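J.: Those sequence lines, one after another, are chains A and B. Numbered according to the working numbering, the first sequence spans residues 308 to 555. Numbered according to the working numbering, the second sequence spans residues -9 to 207.
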Amino acid sequence: MEKLIHLTLRVWRQSGPDRPGRFHDYQSGPVATSLSLLELLDLVNERLTLNGEEPIAFDHDCREGTCGACGAMVDGLAHGPKAETTLCQLHLRDLADGGLVVIEPFRAWAFPLIKDLVVDRSALDRIMAAGGYVSVDTGGAPEANVIPIPQPDADQALAAASCIGCGACVASCPHASAMLFVGGKVSQLACLPQGQPERARRVLAMVAAADREGFGACGNHRECEAACPKRLSLRHLARMNREYLSAR
Amino acid sequence: MEGRARPVRLPFASTVVSQALMAASGAGLTMFVLLHLLGNAAAYLGRAAFLAYARHLHGLGPLLQAMELCLLLLAATHVVTGTMLTLHNLQSRPLPYRVKAIRAASLSSRLMPISGPLILLFLAAHVPVFRRPAGPSPELILQLFSHPGTVAFYLLGLAALTSHLSHGLWSLFQTLGLHSPRHDQALRRIAAIVSLAIGMGLALIPLSVLLWPGFLR
Ligand code: SF4
Ligand code: FES
């Protein structure tokens, strides 16, 4: 028999950017612990829809922890209490039976709220557009190993590239800083030969874009690293600082 | 989004430059604190040695003034940049979370915007008393720290300094890009030990006056 639990969901409801928001409580009823939290929200939404009420808006797409679309604060933690996990991969077995689960949107000046748990994270896209790319036309896929890359560099680039752009680093940072996100891309491309020609320009442009978007300054609280579902290391942020200071 | 201009201007060229300024000026100020601690040690070599040290220090003349100016510039950079960054960061999340938990941030890191102003407050009381043309006399020290209230105030100020340094001394390496996971644990431990040593070392003089009747007499 599958284990059943009962939860009280306290969800932030806000019908639009300029409307007042408030928490609303929903009882889960007995639900299987194999459900994900988003699936429980689906259930609640079905009930709300049947009752003619507005369903809870939340972002999601792949539901397998790879796309970065989902994200909310669960009990004050970005993506919830389970480490190295996106919100969509948080299951009810990770939560305490009979407990209250507070679900709040990511909050940052640079992430304006759209509705309920949905926030506008396009500021991250604009940071990417400022320099998070390599501007060479590559043609067809090149032969592998044409450009030899030392294994440690390749490992670090790959680790940095695992960022899925979810914004949990921003949401968990006491300063709402996006520097782990910026650091990931800067570090990834700084480690690879393909990133070299635009290395200095890239880091200056991406940091300037993050500042322009209104993210906070890094205070080295290390909350981002701990909240990141891909566990991007602070070393990438340190490398970004190094890149930035030597580029100036 | 248009129409959402932030009222606080970014300090200096960018947040990263501001952070680097905080790190560099903080490192400079820490150097001074270490020198101060070294100077304090003269008090433990006896009254005569302390008087000689004070005389020697004030005999430096223009060199001393240059050092004071440097110190003032460092402190001003640290305070002004820190204040602007704090305001900037406060605005980065205008609506606070109703529920917020902490995963990794240390208490000292979260207390930075409080321990900083506390240190400034402490210095506003401490510097005018000791920065006088004749230099610090043993009598002044004995008189000042024979009041338990003054000693308590000093201990509070030094606790703030210890807390501030235990985050700052680690943080500055990260900000200047000198951090690597391999040295992280060691660096954090060293920062904690050094800041504790500084705080306790500086607390020694007020406590000695209060608790050790023969001190400096
Ligand atoms: S660095 Fe981590 S927390 Fe931040 S956007 Fe990328 S995956 Fe999400
Ligand atoms: S929905 Fe894609 S990562 Fe969660």
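For glycine and all other residues, C-beta sits at the position ideal for the given N, C-alpha and C. Being a predicted model, the structure only gives us computed values, none of them experimental.
Hey, does V409(A) have any beta-carbon neighbour from chain B nearer than 8 angstroms?
T.: Output row for V409(A): interface = yes.
J.: Starting from R37(B), trace the beta strand (DSSP E) both ways and give me its first and last residue.
T.: No beta strand (DSSP E) contains R37(B), which is instead part of the alpha helix (DSSP H) from 37 to 49.
J.: With a threshold of 7 angstroms, establish whether the CB of G167(B) neighbours any heavy atom of the ligand FES.
T.: Incorrect: G167(B) has no Cβ contact closer than 7 angstroms to the ligand FES.
J.: Please report how far the alpha carbon of I109(B) lies from the alpha carbon of Q458(A), in whole angstroms.
T.: The alpha-carbon atoms of I109(B) and Q458(A) are separated by roughly 47 angstroms.
J.: For L80(B), does the three-state DSSP call read helix, strand or coil?
T.: Note: L80(B) maps to helix in three-state DSSP.
J.: What do you get for D558(A), buried or exposed, if any count of 16 or more other CB atoms within 10 angstroms of its CB means buried?
T.: Since the first residue of chain A shown is 308 and the last is 555, residue 558(A) is not available in this structure.
J.: Under DSSP, the beta strand (DSSP E) around Y333(A) begins and ends at which residues?
T.: Where Y333(A) is concerned, the enclosing beta strand (DSSP E) stretches over 329 to 334.
J.: On a CA-only basis, which of S540(A), L348(A), K389(A) is nearest G372(A)? Give me that one, please.
T.: Ranking S540(A), L348(A), K389(A) by Cα distance to G372(A) puts K389(A) first.
J.: For the stretch 138 to 165 of chain B, which segments carrying the alpha helix (DSSP H) assignment without a break, of at least 4 residues, lie completely within its bounds, in sequence order?
T.: DSSP runs (the alpha helix (DSSP H)) wholly in the stretch 138 to 165 of chain B: 138 to 165.
J.: If we call anything under 8 angstroms between Cβ atoms a contact, is L541(A) one with H169(B)?
T.: Contact: yes.
J.: Can you list the residues of chain B that D382(A) reaches, using a CB-CB cut of under 9 angstroms?
T.: What D382(A) touches in chain B: V89, A91.
J.: Give the secondary structure of M(-9)(B) by DSSP, where H, G and I count as helix, E and B as strand, and everything else as coil.
T.: With a pLDDT of 42 at M(-9)(B), under the threshold of 50, the predicted position of this residue should be treated as unreliable, though the coordinate-derived value follows. Of the three classes helix, strand and coil, the one that applies to M(-9)(B) here is coil, per DSSP.
J.: So, with DSSP's three-state summary, where would you put F418(A)?
T.: Three-state DSSP puts F418(A) in a strand.
J.: To the nearest angstrom, report how far apart V184(B) and E361(A) are at their CA atoms.
T.: Cα to Cα, the separation comes out at about 57 angstroms.
J.: For the alpha helix (DSSP H) that L355(A) lies in, which residues bound it at each end?
T.: Taken as a continuous stretch (DSSP letters only), the alpha helix (DSSP H) holding L355(A) covers 344 to 357.
J.: How would you write the range of the beta strand (DSSP E) that I410(A) sits in, first residue to last?
T.: Note, I410(A): beta strand (DSSP E), 407 to 411.
J.: Residues in its own chain within less than 8 angstroms of A478(A) by CB, not counting five upstream and five downstream?
T.: Closer than 8 angstroms at Cβ, skipping near neighbours: G378, M380, A385, F413, R414, A415, F418, A534.
J.: Considering T5(B), what are the terminal residues of the beta strand (DSSP E) in which it resides?
T.: Per DSSP, T5(B) belongs to no beta strand (DSSP E); it is in the alpha helix (DSSP H), 5 to 30.
J.: Output the residues surrounding the ligand FES, defined as those with a CB atom closer than 7 angstroms to any ligand heavy atom, in chain order.
T.: Matched residues: H367(A), D368(A), C369(A), R370(A), E371(A), G372(A), T373(A), C374(A), G375(A), A376(A), C377(A), T393(A), L394(A), C395(A), Q396(A), I471(A), C473(A).
J.: Any heavy atom of the ligand SF4 closer than 7 angstroms to the beta-carbon of K537(A)?
T.: Correct: K537(A) has its Cβ closer than 7 angstroms to the ligand SF4.
J.: If we ignore side chains and look at the alpha-carbon of each, how far apart do C498(A) and N548(A) end up?
T.: Whole-angstrom Cα-Cα distance: 14 angstroms.
J.: Short of 7 angstroms in beta carbon distance, which residues of its chain neighbour L211(B), apart from the five on each side in sequence? Order them along the chain.
T.: Residue 211(B) cannot be examined here, being either before or after the span of chain B that is shown, -9 to 207.
J.: Going by DSSP, what residue range makes up the beta strand (DSSP E) through L316(A)?
T.: Counting along the chain, the beta strand (DSSP E) containing L316(A) begins and ends at 315 to 320.
J.: If contact means a Cβ-Cβ distance below 7 angstroms, which residues of the stretch 503 to 529 of chain A contact chain B?
T.: Of all residues in the stretch 503 to 529 of chain A, V514, A515, D518, G521, F522, G523, A524, C525, G526, N527, H528, R529 have a Cβ within less than 7 angstroms of some Cβ in chain B.
J.: DSSP has I188(B) in a bridge; who is on the other side?
T.: Its beta-bridge partners do not exist; DSSP assigns none.
J.: With distances taken between CB atoms, is the gap from L344(A) to L394(A) smaller than 8 angstroms?
T.: Closer than 8 angstroms, so yes.
J.: With distance defined between alpha-carbon atoms, name the residue in L552(A), L465(A), G383(A) nearest to L407(A).
T.: Taking only the C-alpha atoms, the option nearest L407(A) is G383(A).
J.: For a contact defined as C-beta to C-beta under 7 angstroms, what are the partners of S540(A) on chain B?
T.: Within 7 angstroms Cβ-Cβ: P171.
J.: Does I363(A) come out as helix, strand or coil in the three-state DSSP assignment?
T.: DSSP places I363(A) in coil when its eight states are reduced to three.
J.: Interface residues of chain A around V6(B) at Cβ under 7 angstroms?
T.: Ordered by position in chain A, the residues that pass the 7 angstroms Cβ test against V6(B) are V514, N548, Y551.
J.: So, with DSSP's three-state summary, where would you put H482(A)?
T.: Coil.
J.: Helix, strand or coil: which one does DSSP assign to L384(A)?
T.: Residue state, collapsed to three classes: strand.
J.: Are there three or more Cβ pairs, one per stretch, closer than 8 angstroms when the stretch 513 to 526 of chain A is compared with the stretch 465 to 472 of chain A?
T.: No contact exists between the stretch 513 to 526 of chain A and the stretch 465 to 472 of chain A.
J.: Under a three-way DSSP split, which group does A545(A) fall into?
T.: The answer is helix: DSSP assigns A545(A) an H, G or I state.
J.: Taking the alpha helix (DSSP H) that F112(B) falls in, what are its first and last residues?
T.: 102 to 120 is the extent of the alpha helix (DSSP H) around F112(B).
J.: Under 7 angstroms between beta-carbons, which chain A residues line up against N30(B)? List them in chain order, please.
T.: Those do not exist, as N30(B) stays about 30 angstroms from chain A at its closest Cβ, beyond 7 angstroms.
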